[in-house]
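>
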Amino acid sequence: MAFFFQELVNGITTGALYALVALGFTMVYGVLQLLNFAHGDLYMVGAYVGFFVIQWFGGPAKLTIPVPLLLVIMFVLAAGLVGGLGVAIERFAYRPLRNAPRIAPLITAIGVSFFLENSALLLFGAQTRIYNTPEFISFSGGIQIGSVSIDAVQILVLVLGLVLMAGLQLLVNRTNLGKQMRAVAADREAAEMLGINVNFTIAATFFIGSALAGIAGVMGGLLFNQVTAMIGFIAGLKAFTAAVVGGIGSIPGAMLGGLLLGVAESFITGYISSTYTNLFVFALLIAVMLVRPTGLLGRAQLQKV
Amino acid sequence: MRRNAIIATAALGALVVAGCSSGGSSSSSGTAATKSCVATIGMEGPLTGPVPFLGQEQLHFAQLAVLKDNLANHTKITLVQGDTQLNPAQATTVTQQFTSNPKIVATVGPAGSQEVIAVGPLMARAGMAFISGSATAVALTTGKYPTFFRTVSKDSVQGPQDANYIVKNLHPKALMIVDDQEAYSTGLVSAMVPVFQSAGIKVDHESVSQKVTDFSSLVAKVTPTTTVVVLPWQVAANAQQFGRNLAQQHKKALIFGTDGLYDPKSFTIGGSYVSTFGPDITAIPADAPIAAAAKAKYGSFGTFGPPTYAATHVIDQAIAAVCKSGQTPSRANVLAAIKKTDEPATILGQPIKFDSHGDVVNGKFFLFKIDSSGKYQLIPSG
Numbered sequence: 004m005a006f007f008f009q010e011l012v013n014g015i016t017t018g019a020l021y022a023l024v025a026l027g028f029t030m031v032y033g034v035l036q037l038l039n040f041a042h043g044d045l046y047m048v049g050a051y052v053g054f055f056v057i058q059w060f061g062g063p064a065k066l067t068i069p070v071p072l073l074l075v076i077m078f079v080l081a082a083g084l085v086g087g088l089g090v091a092i093e094r095f096a097y098r099p100l101r102n103a104p105r106i107a108p109l110i111t112a113i114g115v116s117f118f119l120e121n122s123a124l125l126l127f128g129a130q131t132r133i134y135n136t137p138e139f140i141s142f143s144g145g146i147q148i149g150s151v152s153i154d155a156v157q158i159l160v161l162v163l164g165l166v167l168m169a170g171l172q173l174l175v176n177r178t179n180l181g182k183q184m185r186a187v188a189a190d191r192e193a194a195e196m197l198g199i200n201v202n203f204t205i206a207a208t209f210f211i212g213s214a215l216a217g218i219a220g221v222m223g224g225l226l227f228n229q230v231t232a233m234i235g236f237i238a239g240l241k242a243f244t245a246a247v248v249g250g251i252g253s254i255p256g257a258m259l260g261g262l263l264l265g266v267a268e269s270f271i272t273g274y275i276s277s278t279y280t281n282l283f284v285f286a287l288l289i290a291v292m293l294v295r296p297t298g299l300l301g302r303a304q305l306q307k308v
Numbered sequence: 287m288r289r290n291a292i293i294a295t296a297a298l299g300a301l302v303v304a305g306c307s308s309g310g311s312s313s314s315s316g317t318a319a320t321k322s323c324v325a326t327i328g329m330e331g332p333l334t335g336p337v338p339f340l341g342q343e344q345l346h347f348a349q350l351a352v353l354k355d356n357l358a359n360h361t362k363i364t365l366v367q368g369d370t371q372l373n374p375a376q377a378t379t380v381t382q383q384f385t386s387n388p389k390i391v392a393t394v395g396p397a398g399s400q401e402v403i404a405v406g407p408l409m410a411r412a413g414m415a416f417i418s419g420s421a422t423a424v425a426l427t428t429g430k431y432p433t434f435f436r437t438v439s440k441d442s443v444q445g446p447q448d449a450n451y452i453v454k455n456l457h458p459k460a461l462m463i464v465d466d467q468e469a470y471s472t473g474l475v476s477a478m479v480p481v482f483q484s485a486g487i488k489v490d491h492e493s494v495s496q497k498v499t500d501f502s503s504l505v506a507k508v509t510p511t512t513t514v515v516v517l518p519w520q521v522a523a524n525a526q527q528f529g530r531n532l533a534q535q536h537k538k539a540l541i542f543g544t545d546g547l548y549d550p551k552s553f554t555i556g557g558s559y560v561s562t563f564g565p566d567i568t569a570i571p572a573d574a575p576i577a578a579a580a581k582a583k584y585g586s587f588g589t590f591g592p593p594t595y596a597a598t599h600v601i602d603q604a605i606a607a608v609c610k611s612g613q614t615p616s617r618a619n620v621l622a623a624i625k626k627t628d629e630p631a632t633i634l635g636q637p638i639k640f641d642s643h644g645d646v647v648n649g650k651f652f653l654f655k656i657d658s659s660g661k662y663q664l665i666p667s668g
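Chains as they are written, first to last, in this note's numbering: chain A, 4 to 308; chain B, 287 to 668.
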């Protein structure tokens, strides 16, 4: 039973990370019907921001500020900078193509992804950057229930992930900006006719989605310890899968998809074999798609003819 | 910076003197080769991607070897570099560029066994010799790739040697062995598992992609009786994360890694073992000038550079021999000269002579233990 709970904790932690990245994917798709393949690379940029913040404050072994303050700075800076980068990408790469055939922004997104990866290679070098989390956040700061270990970083990722997901739900459902985002997602032209500033709403969506990816990048760095220019590819792929399974365009769907993906990976590794993790996970996902082609919480769109 | 340049120049000067004084034949071959011994060689390595420290070190040592050999042999060999990112597809692209460049007569690399498998047929078709300083899979030297050579030994030597060390010295009742789904790793696992099984050890064989960075689910499977986890991996940072996941879940198993884990900057889990094909050349007195030159020019280094230095040196010497015989270096005559290589003393502290399939005769492996401060200590592997 302890093994079951250990794998559950591991799966939910990884799933929370997938979910945060998937949220940005699904939000952008919701308002623009664009698969933003550069989204995983924003996760990578966030991870680098976190790494450099640690270095600026003396490095993991000799921090010059208290750890809670460091964490706040890491998350706030990653959210702000990556959010801003997301807005810039929207403004300069996607907005000019908003009325172009759908294939054009799709190819542009792939181009932006390569641009970000190679810029990171150029700016930060090819070497793996190590967070060395245990040097400033001790494993002993976690919870031990029987033989189930939940360390401090896992708790941080879980709590922050859940808070952000709940906050996003509130923002989308209870605020004016959320209403505008939903209106633009439902019908951009009608929203514009009703006086909604569509450009601002789309830019705000990109900012929030990208900021979440940036925060997830810092969480990934803290959890997995390593950052390279290429980590965004896998993160993006997993987030895309989570968004599709949950129902692309659906915010609760992205959360559910991310958590399901993380838990499925964890249990398949634990109970079947790590050799076949991707095989079983993707077989399961194909099964979900066959039963519900719009994803678990996605809604079929009616086409008027 | 200026001090480093002076040290590098002094060390290179010492190398040249050493090269010129090592035998009359070298000097005379240099004189004969002076006028027209011009050639280009390729260097394929993972300069970026998951293991850039490895590729950069290999590149630096290849550059150092060319510099030293050009001075000693009076040749004009130039090095063209290609980044494979440890990716067979990327290695194929680089190889196509090299084979379609008529100036390139031989190639150093690639680094990974999976890359050699991908590029072997292309190199054979082009008749181009290629020498890896780190590819160790057994399948590479079974005759399939007639132009392939390596300056390191192979998994069928390393696998049983490491497995026997674990059985005799670490005495596990159960162990986990995890391959990283690449030819290098699966080859070593195939060589180790029979030894463990015949010793009555319960083996849990797992497999994870090199791109995975979260091992918490896998570590949860490490039972209290599992006292050793064998990681024949190429990415040291992944092993570091595996070690952290072990500590996170309060698991006491030791990590025993191979080649790719020799990275004192990235893999520092105290109590772990790393077996590697490259010696610590700073402990070989005859290598002192090379070690000093490398350190002054490129900073600290590990065990990946020296075998690549040896590979480059073999090609350089083959080109010099071709020139000495009055011919212009071509892929065919350089390949023939490489096959005749017989270097009694090399940077690796052992002779280099190839068997008919391109394996170095009597190749060795070396074992290191990481102490509590993260330092690598050479220990007897027998």
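For glycine and all other residues, C-beta sits at the position ideal for the given N, C-alpha and C.
Using alpha carbons as the reference points, say which of B:401, B:439, B:566 and B:480 lies closest to residue 376 (chain B).
On the second sequence, position 90 is the one that residue 376 (chain B) refers to. Selected option, being the one with the closest Cα: B:401.
> How about residue 271 (chain A) and residue 285 (chain A): do their beta carbons lie closer than 7 Å?
As a first step, residue 271 (chain A) is located in the first sequence; it is residue number 268 there, counting from the start. As a first step, residue 285 (chain A) is located in the first sequence; it is residue number 282 there, counting from the start. No, they are not a contact pair.
> Name the DSSP bridge partner or partners of residue 331 (chain B)?
If you number the second sequence from 1, residue 331 (chain B) lands on position 45. DSSP, once it has assigned bridges, lists B:369 as partnering residue 331 (chain B).
> Can you tell me whether residue 91 (chain A) is buried or exposed? The criterion is at least 16 other CB atoms within 10 Å of its CB, across all chains shown.
Position 88 of the first sequence, counting from 1, holds the residue named residue 91 (chain A). Per the 10 Å Cβ criterion, exposed.
> Along the region 335-356 of chain B, where does the CB come closer than 9 Å to a CB of chain A? Name the residues.
Listed by position, the residues of the region 335-356 of chain B near chain A (Cβ gap below 9 Å) are 335, 336, 337, 338, 339, 341 and 342.
> Over the uninterrupted alpha helix (DSSP H) stretch that includes residue 76 (chain A), give me the two end residues.
Counted from its first residue, the first sequence places residue 76 (chain A) at position 73. 70-92 is the span of the alpha helix (DSSP H), which, as asked, contains residue 76 (chain A).
> Which residues of the region 493-516 of chain B have a Cβ closer than 7 Å to any Cβ of chain A? Give them in chain order.
Residues passing the 7 Å Cβ filter: 493, 494, 497, 499, 500, 502, 503, 504, 506 and 507.
> Would you kindly report the start and end of the unbroken alpha helix (DSSP H) that includes residue 559 (chain B)?
One-based indexing of the second sequence puts residue 559 (chain B) at position 273. Element bounds for residue 559 (chain B): not the alpha helix (DSSP H) but the beta strand (DSSP E), 559-562.
> Residue 523 (chain B) touches chain A at which residues, Cβ-Cβ below 7 Å?
The sequence position of residue 523 (chain B) within the second sequence is 237, counting from 1. Correct list: 131, 133 and 229.
> Out of curiosity, what's the CA-to-CA distance linking residue 313 (chain B) and residue 603 (chain B)?
Position 27 of the second sequence holds residue 313 (chain B). Position 317 of the second sequence holds residue 603 (chain B). Only weak support exists for where residue 313 (chain B) lies, its pLDDT of 38 falling under 50; the coordinates are left without a value.
> Just checking my contact of residue 354 (chain B) with residue 324 (chain B) at CB under 8 Å: how many whole Å lie between their CB atoms?
As a position in the second sequence, residue 354 (chain B) is number 68, starting the count at 1. As a position in the second sequence, residue 324 (chain B) is number 38, starting the count at 1. Their Cβ separation, rounded to whole angstroms, is 17 Å, which puts residue 354 (chain B) and residue 324 (chain B) out of contact at 8 Å.
> Taking DSSP's pairing of strands, which residues face residue 655 (chain B) in a bridge?
By 1-based counting over the second sequence, the position of residue 655 (chain B) is 369. Answer is B:559 and B:663.
> What residues in its chain sit with their C-beta under 8 Å from that of residue 292 (chain A), if we drop five residues either side in the sequence?
In the first sequence, the residue the question calls residue 292 (chain A) occupies position 289. The residues are 247, 248 and 298.
> From what residue to what residue does the beta strand (DSSP E) around residue 599 (chain B) run?
Your numbering for residue 599 (chain B) matches position 313 in the second sequence. No beta strand (DSSP E) holds residue 599 (chain B); the alpha helix (DSSP H) holding it covers 591-610.
> List the residues of chain A whose Cβ lies closer than 7 Å to the Cβ of residue 552 (chain B), in chain order.
Along the second sequence, one-based indexing puts residue 552 (chain B) at 266. Neighbours of residue 552 (chain B) on chain A, chain order: 131 and 133.
> For residue 640 (chain B), which of helix, strand or coil comes out of DSSP?
Position 354 of the second sequence holds residue 640 (chain B). It is a strand residue.
> From what residue to what residue does the alpha helix (DSSP H) around residue 195 (chain A) run?
Along the first sequence, read from residue 1 onward, the residue named residue 195 (chain A) stands at position 192. Looking at the DSSP string, the run of the alpha helix (DSSP H) that includes residue 195 (chain A) is 191-196.
> Could you list the residues in the region 4-18 of chain A with a C-beta less than 8 Å from some C-beta on chain B, going in chain order?
Listed by position along the chain: 6, 9, 10, 13, 14, 16 and 17.
> Less than 7 Å between CB atoms is the rule here; does residue 636 (chain B) satisfy it with respect to chain A?
Residue 636 (chain B) sits at position 350 when you count from the first residue of the second sequence. Judged by the 7 Å Cβ criterion, residue 636 (chain B) is not in contact with chain A.
> Output yes or no for whether 7 Å exceeds the beta carbon distance between residue 478 (chain B) and residue 429 (chain B).
Taking the first residue of the second sequence as 1, we reach residue 478 (chain B) at position 192. Taking the first residue of the second sequence as 1, we reach residue 429 (chain B) at position 143. In this structure, residue 429 (chain B) does not lie closer than 7 Å to residue 478 (chain B) by Cβ.
> Taking the straight line between their C-alpha atoms, what separation do you get for residue 504 (chain B) and residue 280 (chain A)?
What you label residue 504 (chain B) is simply residue 218 of the second sequence in a count that begins at 1. What you label residue 280 (chain A) is simply residue 277 of the first sequence in a count that begins at 1. Going by the C-alpha atoms only, they are around 11 Å apart.
> Along the region 407-424 of chain B, where does the CB come closer than 7 Å to a CB of chain A? Name the residues.
If the cut-off is 7 Å between Cβ atoms, the region 407-424 of chain B has nothing near chain A.
> Provide the residue span of the alpha helix (DSSP H) that contains residue 355 (chain B), from first to last.
Working through the second sequence from its first residue, we reach residue 355 (chain B) at position 69. It spans 338-359 - the alpha helix (DSSP H) in which residue 355 (chain B) sits, taken as one unbroken run.
> Buried or exposed for residue 675 (chain B), please, with buried defined as at least 16 other CB atoms from any protein chain shown within 10 angstroms of its CB.
Here chain B has residues from 287 to 668 only, and residue 675 (chain B) is not among them.
> Give, in chain order, every unbroken run of the beta strand (DSSP E) that is at least 3 residues long and sits entirely within the region 422-470 of chain B.
Listed in chain order, the complete beta strand (DSSP E) runs (minimum 3 residues) inside the region 422-470 of chain B are 434-436 and 460-465.
> 7 Å is my cut-off, CB to CB: does residue 237 (chain A) come that close to chain B?
As a position in the first sequence, residue 237 (chain A) is number 234, starting the count at 1. Chain B contact via Cβ: present.
> Given residue 640 (chain B), which residues of its chain have a CB within under 8 Å of its CB, disregarding the five upstream and five downstream residues?
Against the second sequence, residue 640 (chain B) aligns to sequence position 354. Contacts found: 435, 624, 625, 627, 646 and 647.
> Determine, for residue 124 (chain A), whether the minimum Cβ-Cβ distance to residues of chain B falls below 7 Å.
Indexing the first sequence from 1 puts residue 124 (chain A) at position 121. Taking Cβ atoms only, chain B reaches closer than 7 Å to residue 124 (chain A), which makes this a yes.
> Express the C-alpha separation of residue 614 (chain B) and residue 622 (chain B) in angstroms, rounding to a whole number.
As a position in the second sequence, residue 622 (chain B) is number 336, starting the count at 1. As a position in the second sequence, residue 614 (chain B) is number 328, starting the count at 1. Computed Cα separation, rounded: 13 Å.
> In this structure, how does DSSP classify residue 536 (chain B) when only helix, strand and coil are distinguished?
Residue mapping note: residue 536 (chain B) aligns to position 250 of the second sequence, counting from 1. DSSP places residue 536 (chain B) in coil when its eight states are reduced to three.
> Would you mind giving the Cβ-Cβ distance between residue 352 (chain B) and residue 598 (chain B), rounded to the nearest angstrom? I have them listed as a contact below 8 Å.
On the second sequence, position 66 is the one that residue 352 (chain B) refers to. On the second sequence, position 312 is the one that residue 598 (chain B) refers to. About 6 Å; that satisfies the 8 Å criterion.
> Residue 365 (chain B) and residue 335 (chain B): beta carbons closer than 7 Å?
Within the second sequence, the letter at position 79 stands for residue 365 (chain B). Within the second sequence, the letter at position 49 stands for residue 335 (chain B). It is not a contact, given that the beta carbons lie outside the stated cut-off.
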